[in-house]
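In our numbering, the protein residues as written are 11 to 501.
From the three backbone atoms N, C-alpha and C, an ideal C-beta is built for every residue, glycine too.
Beneath this line is the structure, given in C-alpha cells, with notes to follow.
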Ligand code: AMP
Ligand code: MG
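Quick look at the structure:
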C-alpha cells in the first residue's frame, strides 16, 4: 500500500499480521468523511524516514481510513482495575502496515478508524480532544527520552461522535516497533489456547527478544527482560511526575513503552496520592502506586507464561518468580539513579536516597509544584551564607527547607560539586515544560474552534522540554481554572 510518496507500507514475513486468524482480524478501516490535517510531527516523520513532502492528499485520505485497503486488529485480554476483564482487543485501532528505516521496523496504527470485532459496545472512534492529548503527550515523552509509542499525525473529520456530548472524530496515526501488550499473552493463556500461546511466544522472541532463546528458560528470560524495561519505564514516569491513569494489563507494553494515552496527567503541586483519572475512584493508579501496580501487572504476565516453561508443571513458576525478582532490584536502583541525576549528584553515597526522599517530603508537605521545584533546584547556591531565596520561597515551611538545604550543601561539598556545572547538568534532566492538563486544554479549545496553531506551537515547546520556553506561562503554575479540569476514561 502506497501511503507516502515513494514509500510502501509493507507486511514483513516475520510480522505479527502473519500469525493468522486466531490472533487478528483483517478488515478495512471505516471511512471518515471529508478529512483534514490537524497536526503532524516532523520528528516522528524523520524517524520513519519520510521525506518533507509526505503529507499528500492521498496520505490524508489513507491515514483517515479512506484507502479501502485492508488493515488488521488484534485480539488481547487483560486485567482492568485488578479484575479479569476477559476478551478485549484493538477496538478502535487498526494496523495498516510497517515501515523499515535504519534497521528498525515500525508498525503504523490508525487509532479511531472505526469498529472492529473487538469494539464491544464502543463505536470504534476517538474524539478530537483525546487525540490531541495522545498526540502531544506521545511526542512530549519521546522528547523527554521516555520510551513511548509515537504519533505521526492527527487527521480530523466532521463525523459526529457521541460521548457525554456530541464531538467530532479524529484519527491518530500511532507508530511503534510493536503494540503488543501483556494482555496478548494473557489472552491465549487464559483461554487455554496453548499452541497459539507458543506461537505468540516464538513471534516475540524472533522479533523483539532473540537473545532470550539462548537462556536456559527462555520464557523466564523474556519475563526478566520485560521486568527490567518496565522498571526503567516506571522510574522515568515517577521522575517527571507522569501518571498514566489506566495501568490495566492491556495497556502495558511488552516492549516497556508508554502505551495508550487516555486520562494521563503530569503532577502539578506534589501529592504522592494524586489520582489523575477521574474514573479511578479507589485511586488504584495514583502516582505513588504506579511502580507497585507495574509489579502486579508483571505477575499477571508471569502467570500467562507458565505453560511456556518446559519441565514439570508444578515447578514451572519457580524460574518465573525468580525473573520477577529482577524488578525488585531494578526499580529502586533505577529510581535512585534518576533522583541522583535530578539532584545533580555524580557520586553515589549511602545517604542519597534519604536526601532525595526528604526533598520529596518537603514538596509534598506544602504541595509545592513538582516540575517548578526540581527546575529551581538547579540554581541552588552551595555557599554557606547563601539564602537560596528563589527556592526557599516555594515552601511554606521555610525552616524545613533550610534544614534540608544544609544537608544538600554538605552532600554537594562531599563531591566537590561545582554550582554552574551541576546546574547545567540538572537542567538537562529536570524539564522546564511538561504537558500539564491546562496546556493540552488550551490547544484543545483552540482546535475545537478550528484553530490548530496552538497544537503546533505547543508541540514545538514540548519538543525542547529542557529549554526555558519563550512564553513563561508554558512553564508556570497552572491557572486557577485548571483545578476544574477532569479527565476520565471517556475518549
Ligand atoms: P483503554 O483502556 O482506553 O485502552 O481501552 C480498553 C478497551 O476498550 C480496548 O479494547 C479498546 O480498544 C476499547 N475501546 C475503548 N474505546 C473504544 C471505542 N470508542 N470503541 C471501541 N472500542 C473502544
Ligand atoms: Mg487500551
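Kindly identify the DSSP beta-bridge partner or partners of residue i.
i, result
"residue 176", "172"
"residue 361", "Per DSSP, none; premise fails for residue 361."
"residue 81", "37"
"residue 252", "276"
"residue 213", "For residue 213, which the question treats as bridged, DSSP gives no partner whatsoever."
"residue 89", "94"
"residue 13", "Note: residue 13 sits in no beta bridge, so no partner."
Quick one: what does DSSP say residue i is sitting in, helix, strand or coil?
i, result
"residue 275", "strand"
"residue 287", "strand"
"residue 414", "helix"
"residue 47", "strand"
"residue 257", "coil"
"residue 20", "strand"
"residue 196", "helix"
"residue 263", "strand"
"residue 182", "strand"
"residue 379", "strand"
"residue 393", "coil"
"residue 165", "strand"
"residue 2", "This structure cannot speak to residue 2, because the chain is shown only from 11 to 501."
"residue 526", "Nothing about residue 526 can be read from this structure; the chain reaches only from 11 to 501."
"residue 98", "coil"
"residue 104", "strand"
"residue 201", "coil"
"residue 191", "strand"
"residue 313", "helix"
"residue 119", "strand"
Just to confirm before moving on: does the CB-CB distance between residue i and residue j stay below 7 Å?
i, j, result
"residue 124", "residue 39", "yes"
"residue 18", "residue 83", "no"
"residue 453", "residue 142", "yes"
"residue 144", "residue 51", "no"
"residue 45", "residue 165", "yes"
"residue 151", "residue 245", "no"
"residue 110", "residue 117", "no"
"residue 277", "residue 307", "no"
"residue 87", "residue 200", "yes"
"residue 279", "residue 379", "yes"
"residue 301", "residue 374", "no"
"residue 191", "residue 260", "yes"
"residue 478", "residue 434", "no"
"residue 257", "residue 286", "no"
"residue 264", "residue 236", "yes"
"residue 249", "residue 115", "no"
Thinking residue i and residue j are a contact (beta carbons under 8 Å), I'd like their distance in whole angstroms, please.
i, j, result
"residue 315", "residue 330", "6 Å"
"residue 365", "residue 421", "6 Å"
"residue 357", "residue 425", "4 Å"
"residue 102", "residue 134", "4 Å"
"residue 42", "residue 74", "5 Å"
"residue 121", "residue 184", "5 Å"
"residue 207", "residue 317", "6 Å"
Please tell me whether, using a cut-off of 6 Å, the distance from the CB of residue i to the nearest non-hydrogen atom of the ligand GTP is below it.
i, result
"residue 104", "The ligand GTP is not part of this structure, which contains only the ligand AMP and the ligand MG."
> Any residues whose CB sits closer than 6 Å to a heavy atom of the ligand MG? List them in chain order?
Replying inline: 260, 261 and 270
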